[in-house]
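A short write-up of the structure that comes next.
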Amino acid sequence: MGKTDVTENMESMDNRSRLLLCANELFYEKGYDAVGVQEIVARAGLTKPTLYYYFGSKKGLLEALVAERFECLRGMYRGLRERENLRIEEALNWLADIFCGFFEQDRHFYMLLMALFYSARGNEAYQTVQPYMVEFYDMVVRVFDRAADQLGNMYGRQRQFAIGFVGTISSYFLLHYEHDPEECERVDRQQISALVRQFMYGIFS
C-alpha cells in the first residue's frame, strides 16, 4: 500500500484508525525506531495529543496495531483448528493458505511483524511482538502435534518442523515480494502448494 492509497483510505476513517494505518506504513517503510510520534501524526493529519489520547505512547500505538492485526490471523486459524481429522498434507496446505490470506490482507504488516521479531532483544518493539510470534509458531506446532500418528515418533521435533515450515513460507513471501512487488496482490497458490510438497518430502525422507 503506497502513500497515495493510505491518503485515500484515511478519508473515511476515524482518528484512531488513521493513526494505526499511518503507523503501520511508517514502521514498515523506515523501521520502528526510526519513526517518531511527530511523523506519525503528521502523516495522519492529526496532533500529538490525539495519539496520546488513544494510545498513550508510540509503544502503546504499536501494541494496539499488533493486537488488532494479529486477531485476524487468530480468526483464520480457528477454521483449521476445527478440522481435527485432516491428513498432514491437507492441514499444511490449509495452514499455508491461512498465511497467504494474512499476507495478502496486509503484506506490510506481515513483513513488519517478522522484522520486529528479529530485532534486538532489549528493544521495546521486539518485546511487544515476541508473545505474538510465540503464539504464531505454537499454532504450527499444534498442527504437527495432531499429526503425530501420521508422522510416527517425531522425537520432539514438532517445534523444529514448525520453524522449518514457517521459515519456508515466510521466505517465499519476502523474497518473491522483493523481486516483483506489483505481482503480490495475490500469492500464487500453485507455487505455495509446491513448497508444501517439498517440505513434506523433507520430513518424510
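Quick note: the sequence shown uses this note's numbering, first residue 1, plus one each step. Where is the CB? At the ideal position from N, CA and C, for every residue including glycine. Keep in mind that this is a model prediction, so the values were computed, not measured.
At least 3 beta-carbon pairs within less than 8 angstroms: the stretch 103-120 vs the stretch 18-32: These segments touch.
Run of the alpha helix (DSSP H) containing G75, from where it starts to where it stops: K58 to R81
Whole runs of the alpha helix (DSSP H) within the stretch 85-167, excluding any shorter than 4 residues: 88-105, 107-117, 124-146 and 148-151
H176 versus I163, F161 and I192, residue with shortest Cα-Cα distance: I192
Local Cβ density within 10 Å of F204, reported as buried at 16 or more and exposed below that: exposed
Given 8 angstroms, three or more beta-carbon pairs between the stretch 37-55 and the stretch 80-95: no
Segment contact, 8 angstroms Cβ cut-off, at least three pairs: the stretch 50-67 with the stretch 121-140: yes
Collapsed DSSP secondary structure at V196 in the structure displayed: helix
T50 (DSSP reduced to helix, strand or coil): helix
Exposed unless 16 or more other CB atoms sit within 10 angstroms - verdict on R69: buried
Reduced DSSP secondary structure (H/G/I, E/B, other) of G202: Helix at G202.
For F165 and V140, believed in contact at Cβ under 8 angstroms, the rounded distance: Yes, V140 and F165 are in contact; Cβ-Cβ is about 6 angstroms, under 8 angstroms.
Coil, strand or helix - R43 by DSSP: helix
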